[in-house]
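Going down the list, the sequences are from chains G, S and Y. Under the working numbering, the first residue of the first sequence carries the number 7, and numbering increases by one thereafter. Under the working numbering, the first residue of the second sequence carries the number 18, and numbering increases by one thereafter. Under the working numbering, the first residue of the third sequence carries the number 270, and numbering increases by one thereafter. Below is one structure, written out as structure tokens, with a few remarks after it.
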Amino acid sequence: MSGLDGNLLMDRRGFLRGAGGLVLGTAVAGCGPARSTPGPVTVEVWHGQTDTGKKVLDALVADFHRTHPGIRIDLGGGVLADAMLQKITAALASGSFPDIAYVFGSDLASVARSPSVVDVTDLVDAGPGFWAPARAAVTVNGRVRAVPALLDSLAVVCNRELFANAEIPLPAAGWTWADFVDTARKLTDAGSGTFGTAWPATGDEDTVWRLWPMVWDLGGDVIGAGGRGIGFADQGVRALEVVRDLAAAHAVYLDPKTGSEQMYQAFEAGHIGMVATGPWQLPDITDAGIDYAVVPLPSFSRRPITISGPDTWTLFDNGEERVQAARTFLSWLTEPAQDVRWDDGAGSLPLSRRAQQLPAWQEKTAETPDLPVFVDALEHARVRPVHPAYPQVSAAVGTAIVAVLLGRATPADALRDCAAAANAALIIPR
Amino acid sequence: MRTQTTRPARLPFDPWHLLLVPLALVFAAPLVWLLLSSVMSNAEINRFPPALWPSHVDFAGYRYVLDNALFLRWFTNSLIVSAVTVVSNLLFGTLGGYAFARMRFAGSRALLALMVATMAIPFQLTMIPTFLVMKKLGLIDSLGALIVPSLVTPFAVFLLRQFFLSLPRELEEAAWIDGCSRLRVLFTIVLPLSRPALSTVAVLTFLSTWNDLTWPLIAINHDTTYTLQLGLTTFQGQHHTNWAAVMAGNVITVLPVLLAFLGAQKTFIQSVTSSGLKG
Amino acid sequence: MPGLPRPITVTSVQRRRRRETAAAWAYISPAVFIILGLGVVPVAWSLVLSFQVDDLVTPSRWTGLDNYAALAQDPHFAEAIRNTVLYTLLYVPLSILFGFLLAQALNRRIRLVGVYRTLVFVPFVLSATAQGVLFSFILDPQFGAANSALHHLGVSPQGFLTDPAQALLVLVGITLWSGTGFCVVVYLAALQDVPPSLVEAARLDGAGTWRVLRHVTLPAVTPVTLFLVLWQLITSLQVFDLVYVTTKGGPLGSTTVIVYFVWEQAFKNFTAGYGAASAYVLALALVVVVVVLRVLRRPGKALR
Chain G
7 MSGLDGNLLM DRRGFLRGAG GLVLGTAVAG CGPARSTPGP VTVEVWHGQT
57 DTGKKVLDAL VADFHRTHPG IRIDLGGGVL ADAMLQKITA ALASGSFPDI
107 AYVFGSDLAS VARSPSVVDV TDLVDAGPGF WAPARAAVTV NGRVRAVPAL
157 LDSLAVVCNR ELFANAEIPL PAAGWTWADF VDTARKLTDA GSGTFGTAWP
207 ATGDEDTVWR LWPMVWDLGG DVIGAGGRGI GFADQGVRAL EVVRDLAAAH
257 AVYLDPKTGS EQMYQAFEAG HIGMVATGPW QLPDITDAGI DYAVVPLPSF
307 SRRPITISGP DTWTLFDNGE ERVQAARTFL SWLTEPAQDV RWDDGAGSLP
357 LSRRAQQLPA WQEKTAETPD LPVFVDALEH ARVRPVHPAY PQVSAAVGTA
407 IVAVLLGRAT PADALRDCAA AANAALIIPR
Chain S
18 MRTQTTRPAR LPFDPWHLLL VPLALVFAAP LVWLLLSSVM SNAEINRFPP
68 ALWPSHVDFA GYRYVLDNAL FLRWFTNSLI VSAVTVVSNL LFGTLGGYAF
118 ARMRFAGSRA LLALMVATMA IPFQLTMIPT FLVMKKLGLI DSLGALIVPS
168 LVTPFAVFLL RQFFLSLPRE LEEAAWIDGC SRLRVLFTIV LPLSRPALST
218 VAVLTFLSTW NDLTWPLIAI NHDTTYTLQL GLTTFQGQHH TNWAAVMAGN
268 VITVLPVLLA FLGAQKTFIQ SVTSSGLKG
Chain Y
270 MPGLPRPITV TSVQRRRRRE TAAAWAYISP AVFIILGLGV VPVAWSLVLS
320 FQVDDLVTPS RWTGLDNYAA LAQDPHFAEA IRNTVLYTLL YVPLSILFGF
370 LLAQALNRRI RLVGVYRTLV FVPFVLSATA QGVLFSFILD PQFGAANSAL
420 HHLGVSPQGF LTDPAQALLV LVGITLWSGT GFCVVVYLAA LQDVPPSLVE
470 AARLDGAGTW RVLRHVTLPA VTPVTLFLVL WQLITSLQVF DLVYVTTKGG
520 PLGSTTVIVY FVWEQAFKNF TAGYGAASAY VLALALVVVV VVLRVLRRPG
570 KALR
């Protein structure tokens, strides 16, 4: 600011302006995170995303850098989300871990035992009002140990054309699993290579999580009271009988490869009548030109129930500075404005009702037909228990489902073997 | 070779070739395919039915590998670990082997027996505590965690001891009487005669550290510290649809050992057989 | 410096012995420290761990025999043992048999025999990782050369490593591809040590090939055979790398072997105490087997 009359000496106004600026600047600098070293704080994030998610994250981070110059986000390290649990636990065991990692909700229990995981109850409570399943997924023993990252729900996507060809009306909310099997049977046409529905057949989590809504609907639970045995010994048999009926009618396409891509490719090529999936698949389905409709998941009791598989951003303690910076980043990221952008790119549902109400999301809903079905399903969605033995219970159930799908075992036998393995995993002291 | 007097026609070559050629092909074919597929384009590999011979040489796989993965870094890591381990095994194995062979001290026999017995301990029993020890030392995630447990192996000590025992004592005693220190005798007289044993230890130590996956998998988490084997399997997991690149990475992993072997075949084979026959 | 020999007195002998002991310890201490420190100590530590709950991250706590109780009920543990035993029972005899037969075939002076020998042995120097990655590709049900070749022959595509019924057998095959070379080379060396005069004498006595084999060759290589059985047994019981790289214990647990099970429990499921318990049970079994075989091989021979 030059003096108004070119006088070299500062006049009083100029002096006050300068001093004020100095004070203000110091005050602003003091408001930021207390720094022991000058320069921005680097926050290391293991984001676990594939290319599409990474792109959106890059854009968001670029914006964050503009508005928060004191913090730099490093997205370089880590592995894909599927492999994250082992990576992060190994990192914790070795003492060198990132500040934020993308951890599946079902894996959080194992990770959260580490004292290096930051308790973020206050952060999440101060958030935009997360959906109940999202909050449930990040809560371990009553304390919130992570920030919700991605929310989805399971519903059934139907190929309208195939339904029309088979002259079957589209299912409506409140339909039963018996209806589902029946519809699948009617949609199946061996001659043209059309299947009624599809199911992953590798025994992985994608194979398994589709079964839980059935179990919950029947009053069962993944892990029984007391934690030393499964909670679905009887309900599981009934659920597996649905699977058996599908397989016996040859109405189900079995995807033998991990990642379930083959199954969705077959759906997008018009070979499958209906498939249970999440909102992340809609963009690909639309791109493939399929005229689709989304209906809620069927149940035994006609009551709506589905499963949600939230993923989380877990924070780790690498010192006060970095924790603060990481918290700032995550509360910014989950604000509705950013959330909507993230949801779009990562294929998530809005994490909070406020985000859902934003015009940006409403626009997306308008573009993507039937998206609200997934969102509405969140009201009646349950999440998998946050328990360290869950991965092993899931593996046992996966084996059972695949055995029944391939006709190698009866539901009762399959569940018996599953119970033996799952119970064994549950009694291992942890 | 028995003469075949009743055979109507003689083959222009020994009939054994008829058996050996297909057999040799069985062993060689996968390696040939490794090389060929590393220079095929993915379009060719993904075709159905898949091609069994590349139509043209395409280095896209190698370019992808060098651009998208830290293969050179991993190669260097493996090299450092193997080189240091070989040198330290030669050094400490020589010292220890010589002491057990030529020096008398209380408990030497029992100690040697104990050390040899540790060779029989299965790895699954020691891997968890070794991890915890390395963790306490703060070495996890560094090359030190890979080097320290393999600094000396009982195999090296024992093999060198057996070899030193087989050398005639007279040469050493002459030098000893002349006033040479033990160490000098060892390094100037014994070692030059110990080429076969030393190269056996070097070859086998190099082979086992270069090819090891289990321990690096446990001890290393950050991808900049991976060894070549660990990097290769991780790379395959992440890029498994890009087979040309995966095979290119595999070629890079395999080439050093292959070249070393082809260059020093006799030494390799002798090392392997001597470890076997004397073990 | 040459001069008069030093007079040998009692004290100088004692001093010399002490110096010798001190020198010896200086020479062997790095080896002893590392080998016993990371060999014997972990064995004891594993035992302690097996009575604890330890997830490698939080402090451990005591839990008595709970790990062993859980182990007894774990169908995966039984499966791991079954898979490993099956793998071993297939691999060890086959590798030795093929090794012997190939060595016989290669033990002759024909042109290119050096090339054949090299080709047979080369796979052995490849790491299990490299082999696993290579064969994962060759045996890929969709893009692999194996199914492509079968297709040309009119055979339907196989699952290989993705088929629970085939996966373990395929792994045996891969290990045979690389492990037979070792047996061949060892047998070759042994066969070349068989005195040709013995073979000549037997031939002159009218013995046919089979007789020569049975009464001259095989007995001559018996010590090598026993060594190979022991060696191959130990290495096949410890298989891990190949399983990790190709099937990760799957599909559906059909290739979960002992070391993989222990690794999984400790480093994947983070129940290190449980992993230590399983390692202990299996190590004891291994000790029994090895002791039995050693006794068979060299009855009464003490370590020199």
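All C-beta atoms, glycine included, are put in the ideal place defined by N, C-alpha and C.
Check	Outcome
Does DSSP classify P2 (chain G) as helix, strand or coil?	Nothing about residue 2 (chain G) can be reported from this structure: the residues present for chain G run from 7 to 436 only.
Where does V564 (chain Y) fall in DSSP's three states?	helix
At the level of alpha carbons, what is the spacing between V493 (chain Y) and V455 (chain Y)?	8 angstroms
Just list the residues that DSSP pairs P206 (chain G) with in beta bridges.	G:D261
Does the pairing of the segment 67–81 of chain S with the segment 179–192 of chain S give three or more beta-carbon distances under 8 angstroms?	no
Tell me which residues share the same chain as L318 (chain Y) and place their Cβ nearer than 7 angstroms to its Cβ, disregarding the 5 neighbours each side in the sequence.	A541, G542, A545
For I286 (chain S), which residues in the same chain have their Cβ closer than 7 angstroms to its Cβ, ignoring the five residues on either side in sequence?	none
For a contact meaning CB atoms closer than 8 angstroms, what does G315 (chain Y) contact in chain S?	Note that residue 315 (chain Y) is Ser in the sequence shown, not Gly. L142, T143, I145, P146, listed in chain order.
Would S102 (chain G) pass as an interface residue toward chain S - the criterion being a Cβ-Cβ separation below 7 angstroms?	yes
Name, please, each residue of chain G whose Cβ falls closer than 7 angstroms to the Cβ of L553 (chain Y).	Residues of chain G passing the Cβ test: none, with the nearest at roughly 20 angstroms.
Enumerate in chain order the residues of its own chain whose CB-to-CB distance from Q141 (chain S) is below 8 angstroms, with the five nearest sequence positions on each side excluded.	none
Please list, in chain order, the chain G residues whose beta carbon lies closer than 8 angstroms to that of T540 (chain Y).	I434, P435, R436
Give the straight-line distance between the Cα atoms of A401 (chain G) and G209 (chain G), rounded to the nearest whole angstrom.	7 angstroms
So A397 (chain Y) contacts chain S; which residues on that side make the cut at Cβ distance below 8 angstroms?	N228, L230
Chain G beta carbons: is any one of them nearer than 7 angstroms to that of V526 (chain Y)?	no
I'd like to know whether the C-beta atoms of V389 (chain G) and T283 (chain G) end up nearer to each other than 7 angstroms.	no
Under a CB-based cut-off of 7 angstroms, is V322 (chain Y) close to chain G?	yes
So what's E50 (chain G) in DSSP terms, helix, strand or just coil?	strand
Buried or exposed: where does L340 (chain Y) fall if 16 or more other Cβ atoms within 10 Å of its Cβ makes it buried?	buried
Listed in chain order, which residues of the segment 93–126 of chain G have Cβ atoms closer than 8 angstroms to some Cβ of chain S?	K93, A96, A97, A99, S100, G101, S102
Which whole-angstrom value describes the C-beta separation of A255 (chain G) and R216 (chain G), a residue pair presumed to lie in contact below a C-beta threshold of 8 angstroms?	A255 (chain G) to R216 (chain G), Cβ: 17 angstroms. No contact.
Give the range of the alpha helix (DSSP H) segment to which T449 (chain Y) is assigned.	436–462
With a CB to CB cut of under 6 angstroms and the five nearest residues on each side skipped, what residues in its chain are close to Y115 (chain S)?	F181, L203
Mark A415 (chain G) as exposed unless 16 or more other C-beta atoms lie within 10 angstroms of its C-beta, in which case mark it buried.	buried
Roughly how many angstroms lie between the CA atoms of T327 (chain Y) and I229 (chain G), to the nearest whole one?	24 angstroms
Near Q362 (chain G), which residues of its chain fall below 7 angstroms by C-beta distance, leaving aside the five closest residues on each side in sequence?	P356, V381
Can you tell me the Cα-Cα spacing of T194 (chain G) and F186 (chain G), whole angstroms?	12 angstroms
Check the Cβ of L86 (chain G) against every Cβ in chain S and list those closer than 8 angstroms, keeping chain order.	Q255
Using a Cβ-Cβ cut-off of 7 angstroms, state whether T405 (chain G) counts as contacting chain Y.	yes
Beta-carbon within less than 7 angstroms of Y385 (chain Y)'s beta-carbon, same chain only, minus the 5 sequence neighbours each way: which residues are those?	L375
Does the CB of G209 (chain G) have a neighbour CB from chain Y at under 7 angstroms?	yes
Considering Cα atoms alone, identify which of G:G54, G:V403, G:V408, G:L412 is closest to I236 (chain G).	G:V403
Near D335 (chain Y), which residues of its chain fall below 6 angstroms by C-beta distance, leaving aside the five closest residues on each side in sequence?	none
Going by DSSP in three states, G27 (chain G) sits in which element: helix, strand or coil?	Low confidence applies here, because G27 (chain G) scores a pLDDT of 42, under 50, leaving its location unreliable; read the following figure in that light. In the structure shown, G27 (chain G) sits in a helix (DSSP, three-state: H, G or I).
Could you tell me the distance, in whole angstroms, from the CA atom of A366 (chain G) to the CA atom of R234 (chain G)?	46 angstroms
Based on DSSP bridge pairs, tell me the residues matched to A387 (chain G).	G:T312
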